[in-house]
Amino acid sequence: MNNLFRLTLLALFLSAGSLVAQSRVGHIDLDSLIRLMPKYDSVKKVSEEYGKKLDIEYQSMYADYDKKVKEYTEQEKNWTDFIKEMKKKDIIQLEQTLRDFPQNAQNEMAKKNAELLTPLEKAARKAIDDVAKENKYTLVLDSTVGNILYSQPSDDLMPLVKKKLGIK
Numbered sequence: 124m125n126n127l128f129r130l131t132l133l134a135l136f137l138s139a140g141s142l143v144a145q146s147r148v149g150h151i152d153l154d155s156l157i158r159l160m161p162k163y164d165s166v167k168k169v170s171e172e173y174g175k176k177l178d179i180e181y182q183s184m185y186a187d188y189d190k191k192v193k194e195y196t197e198q199e200k201n202w203t204d205f206i207k208e209m210k211k212k213d214i215i216q217l218e219q220t221l222r223d224f225p226q227n228a229q230n231e232m233a234k235k236n237a238e239l240l241t242p243l244e245k246a247a248r249k250a251i252d253d254v255a256k257e258n259k260y261t262l263v264l265d266s267t268v269g270n271i272l273y274s275q276p277s278d279d280l281m282p283l284v285k286k287k288l289g290i291k
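Heads up: the sequence shown begins at 124 in my numbering, then just goes up one per residue.
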């Protein structure tokens, strides 16, 4: 029984070794590749301009808030309770908007950057696919994060695994 186990183990090692010998693995830093692409500088410029617009809008909103607070403190004694309440609500709304603005602006910047970088990333991935196929790579890894960027087509094990787990 012990010999059978050893023979099975030896057969597994030999077959795994031949699979590894047939495999060709490469790696690339996808982010660095994208930053090297000719259109990256224009994408970066558009992104920076968008960020500046958001910053200018925030500064404008803050100046408006400052102005309204100053007006309130100077004019409060001349207003009716109704006007005071309306002005207070307006100031409170502006305060909330100013508090929320940085997070909302960050989200908008992320969306804008994704929108701008998507065509570059698609072009980079296509080039990686083409090079991998032309040079017979079976696997290409993104060296910065360990993502698989290319893999030879293989059998989809999902139906078999779902059946094994009893998932329909």
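Glycine residues also receive a C-beta, built at the ideal position from the N, C-alpha and C atoms.
> How would you call Ala-255, buried or exposed, if buried means at least 16 neighbouring beta carbons within 10 angstroms?
Replying inline: Taking the first residue of the sequence shown as 1, we reach residue 255 at position 132. Flag for Ala-255 reads buried.
> Between Ile-214 and Asn-201, what straight-line distance do the alpha-carbon atoms span, to the nearest angstrom?
Replying inline: Residue numbering aside, residue 214 sits at position 91 when the sequence shown is read from its first letter. Residue numbering aside, residue 201 sits at position 78 when the sequence shown is read from its first letter. Approximately 18 Å between the Cα atoms of the pair.
> When the Cα atoms are used, what is the spatial distance from Val-169 to Lys-207?
Replying inline: The residue labelled residue 169 in the question sits at position 46 within the sequence shown. The residue labelled residue 207 in the question sits at position 84 within the sequence shown. When rounded, the distance between both Cα atoms is 43 Å.
> In terms of residue numbering, what span does the alpha helix (DSSP H) encompassing Val-148 cover?
Replying inline: For the purposes of this step, residue 148 is taken as the residue at position 25 of the sequence shown. Careful: Val-148 lies outside any alpha helix (DSSP H), inside the beta strand (DSSP E) at 148-151.
> What did DSSP end up calling Val-263 once you bin it into helix, strand or coil?
Replying inline: As a working mapping, residue 263 is identified with position 140 in the sequence shown. Three-state DSSP puts Val-263 in a strand.
> Who are the near neighbours of Leu-156 in its chain, counting only those whose CB is closer than 7 Å to its CB and skipping five residues on each side?
Replying inline: Within the sequence shown, residue 156 is the residue found at index 33, counting from 1. Here the set comprises Ala-247.
> Do Asp-265 and Leu-159 come within 9 Å of each other at the CB atom, strictly closer than that value?
Replying inline: Locating residue 159 in the sequence shown gives position 36, counting from the first residue. Locating residue 265 in the sequence shown gives position 142, counting from the first residue. Not a contact, by the Cβ cut-off of 9 Å.
>> Once the 5 residues before and after Gln-216 are set aside, which same chain residues still bring their CB inside 8 Å of it?
In response: Residue mapping note: residue 216 aligns to position 93 of the sequence shown, counting from 1. Once the five neighbours on either side are set aside, Gln-216 has no close Cβ partner at all.
> Beta-carbon separation of Val-166 and Leu-262 under 9 Å?
Replying inline: For the purposes of this step, residue 166 is taken as the residue at position 43 of the sequence shown. For the purposes of this step, residue 262 is taken as the residue at position 139 of the sequence shown. Not in contact: Val-166 and Leu-262 (Cβ atoms no closer than 9 Å).
> According to the neighbour-count rule (16 or more other Cβ atoms, all chains shown, within 10 Å of its Cβ), is Tyr-185 buried or exposed?
Replying inline: The residue you call residue 185 lines up with position 62 of the sequence shown. Looking at its Cβ environment, which holds fewer than 16 other Cβ atoms inside 10 Å, Tyr-185 is exposed.
> For Ile-179, is the classification buried or exposed, using 16 other Cβ atoms within 10 angstroms of its Cβ as the cut-off for buried?
Replying inline: For the purposes of this step, residue 179 is taken as the residue at position 56 of the sequence shown. Result: exposed.
>> Here's a check: name, in chain order, each residue in its chain whose Cβ is nearer than 6 Å to the Cβ of Lys-210, leaving out the five neighbours to either side.
In response: Position 87 of the sequence shown, counted from the start, is the residue given in the question as residue 210. These residues qualify, in order along the chain: Tyr-195.
> When you compare each of Leu-240, Leu-272, Tyr-260 and Ala-228 to Gln-182 by their alpha carbons, which one comes out closest?
Replying inline: Here residue 182 refers to the residue found at position 59 of the sequence shown. For Gln-182, the nearest C-alpha among the options comes from Ala-228.
> Rounded to the nearest angstrom, how far is the Cβ of Tyr-188 from that of Glu-218, given a contact under 8 Å?
Replying inline: On the sequence shown, position 65 is the one that residue 188 refers to. On the sequence shown, position 95 is the one that residue 218 refers to. Going by Cβ atoms, the distance from Tyr-188 to Glu-218 rounds to 7 Å, so yes, they are a contact pair.
>> Measuring alpha carbon to alpha carbon, tell me which residue in Leu-177, Pro-242, Glu-172 and Lys-245 is nearest Leu-221.
In response: Position 98 of the sequence shown, counted from the first residue, corresponds to residue 221. Here the closest residue by C-alpha is Leu-177.
> Can you give the beta carbon distance from Tyr-173 to Leu-243, rounded, assuming they're within the 8 Å contact cut?
Replying inline: Taking the first residue of the sequence shown as 1, we reach residue 173 at position 50. Taking the first residue of the sequence shown as 1, we reach residue 243 at position 120. Incorrect: roughly 16 Å between the Cβ atoms, too far for contact.
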